[in-house]
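Counting from 10, one number per residue, gives the positions in the sequence shown under my numbering.
What follows is a set of notes on a single structure, which appears directly below.
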Amino acid sequence: MGDTREHVLTGSHGPITVRERPRERPRYLALVVHGYGEHAGRYEEPAGVLVEHGAAVFAPDHMGHGRSAGERVLVEDFEEVVGDVHLVAELARSVHPGVPVALIGHSMGGLISARYAQRYGDELAALVLSGPVIGAWELPGMLLSLDEIPDTPISPAALSRDPAVGAAYMADPLVWHGPMKRPTVEAFARTLETVAKGGDVGRLPLLWLHGDDDRLVPLAGSRVGVEQLSGGNLTERIYPGARHEVFNETNSAEVFADLIRFLDGVLTG
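So this is what it looks like as structure tokens:
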């Protein structure tokens, strides 16, 4: 799957592992921010597309995820995760100073990336949100109203119309298959509110990708958050029939083409 390098940084709660897909003299740097319970290794295909397009790609495993340190899927403060991603950006810029940076976040990674753009937007050339957990996401409130959070695993069929995607997800030992943890759900709820009140990202170019059959992060709720976040420079691509992981969907070639077209516009504009 191409040359991959691994870095270990000292994050807010111990070592975090970063995967780099290098590119000599890159046009831009792509920071890929993964979602809840998964890890950066699930983004090899989009990373390959980005490298072919001219990017050097850096993708961390968040605290408590993948090969990084910490109790599994425990995130008590997403501001700390944003800080960890900023460390990754500093690493990328130290390798390639002066090169523009695109931040690409999926699902929970979309929440982290939205907050990152509110805090560090002046350091970014572009923001891409895929199935982002922002806006009116009802799950945290529903779970926090219960005495005990149920052990209800994510349905693999909710990820993609391609059954091989769900099968690989279920077999992946670095994916968390247990219940959500109350402190993490509480952190989700707080950060959703923080992002909603945090203001827009000005003229930062924003691309929103979403499947209209996303059962994990419904389209309508995310739209509320995207419209609050955008400063008016918004491109949206909604895919009929697609589920949560549009980069792993049966129409992924279309999704990648939209992503590359957007990034070309940013880099040449």
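The beta carbon of each residue, even a glycine, is placed where N, CA and C say it ideally should be.
If you're wondering where the values come from, they're calculated on a predicted model, not measured in any experiment.
- What separation, rounded to the nearest whole angstrom, lies between the Cα atoms of Glu54 and Gly140? Per the coordinates, the alpha-carbon of Glu54 lies some 17 Å from the alpha-carbon of Gly140.
- Task: Check whether the Cβ atoms of Ala123 and Arg252 lie closer than 7 Å to each other.
- Result: In this structure, Arg252 does not lie closer than 7 Å to Ala123 by Cβ.
- Message: Which same chain residues end up closer than 7 Å to Ile121 when comparing Cβ atoms and leaving out the 5 residues on each side of it in sequence?
- Response: Apart from the 5 residues on each side of it in sequence, Ile121 sits with its Cβ closer than 7 Å to the Cβ of Val42, Phe87, Val90, Val91, Val94 and Gly114 in its chain, given in chain order.
- Message: Please report the straight-line C-alpha distance between Ala111 and Ala145, rounded to a whole angstrom.
- Response: Spanning the two alpha carbons is a distance of roughly 25 Å.
- Determine the closest residue to Gly209 out of Ile158, Val275, Leu276 and Asp131, with distance taken between C-alpha atoms. The sequence shown places Asp at residue 209, not Gly. The shortest C-alpha to C-alpha distance from Asp209 to any of Ile158, Val275, Leu276 and Asp131 is the one to Asp131.
- If you draw a straight line from the alpha carbon of Phe271 to that of His62, how long is it in whole angstroms? A straight-line Cα-Cα distance of about 12 Å links Phe271 and His62.
- Query: If Ala134 sits next to Tyr37, beta carbons under 8 Å apart, how far is it from one beta carbon to the other, in whole angstroms?
  - Reply: Their Cβ separation, rounded to whole angstroms, is 7 Å, which keeps Ala134 and Tyr37 in contact under 8 Å.
- Item | Run of the alpha helix (DSSP H) containing Ala176, from where it starts to where it stops | Taken as a continuous stretch (DSSP letters only), the alpha helix (DSSP H) holding Ala176 covers Pro172 to Ala180.
- Task: Could you check if Met72 is buried or exposed, using at least 16 other CB atoms within 10 Å of its CB as the buried criterion?
- Result: In this structure Met72 is buried. Its beta-carbon is surrounded by 16 or more other beta-carbon atoms within 10 angstroms.
- So which of Ser239, Gly274 and Ala78 has the shortest CA-CA distance to Leu213? That would be Ser239, whose Cα lies nearest to the Cα of Leu213.
- Taking the DSSP output, what are the residues bridged to Ser139? Answer is His115 and Leu218, bridged to Ser139.
- So what does Phe197 bridge to, in DSSP terms? Beta-bridge analysis with DSSP links Phe197 to no other residue.
- How is the beta strand (DSSP E) around Glu15 delimited, first residue to last? Judged by DSSP secondary structure, Glu15 falls within the beta strand (DSSP E) whose first and last residues are Arg14 to Gly20.
- Examine the Cβ distances between the region 101-110 and the region 176-194 and report whether three or more of them are shorter than 8 Å. Contact between the region 101-110 and the region 176-194 is absent: fewer than three C-beta pairs spanning the two stretches fall below 8 Å.
- Query: Going by the CB atoms, is the gap between Trp217 and Glu245 shorter than 7 Å?
  - Reply: A contact, by the Cβ cut-off of 7 Å.
- Message: Within a Cβ cutoff of 6 Å, which residues of the same chain sit near Ile25, ignoring the five residues on either side of it in sequence?
- Response: Excluding residues within five positions, the ones whose Cβ falls inside 6 Å are Leu18, Pro69, Ser77 and Asp93.
- Message: Quick check on the burial criterion: 16 or more other C-beta atoms within 10 angstroms. Buried or exposed for Thr277?
- Response: Around the CB of Thr277, fewer than 16 other CB atoms lie within 10 Å, so the residue is classed as exposed.
- Beta-carbon gap between Gly20 and His48 smaller than 7 Å: Not closer than 7 Å, so no.
- Best match in Phe197, Arg170 and Pro165 for proximity to Glu147 [C-alpha to C-alpha]: It is Phe197.
- Integer-rounded CB distance, given that Gly220 should sit under 8 Å from Val255: Contact flag correct, Cβ pair sits at about 5 Å.
- Do you know offhand how far Asn257's Cα is from Glu157's? Counting only the Cα atoms, Glu157 lies some 32 Å from Asn257.
- Inter-residue spacing [alpha-carbon to alpha-carbon] between Gly79 and Pro182: Approximately 16 Å, taken between the alpha carbons.
- Message: Between Val97 and Leu40, how many whole angstroms is the CB-CB distance? I'm expecting something under 8 Å.
- Response: Yes, Val97 and Leu40 are in contact; Cβ-Cβ is about 6 Å, under 8 Å.
- Do Arg30 and Val60 come within 7 Å of each other at the CB atom, strictly closer than that value? Cβ distance < 7 Å, so Val60 and Arg30 count as in contact.
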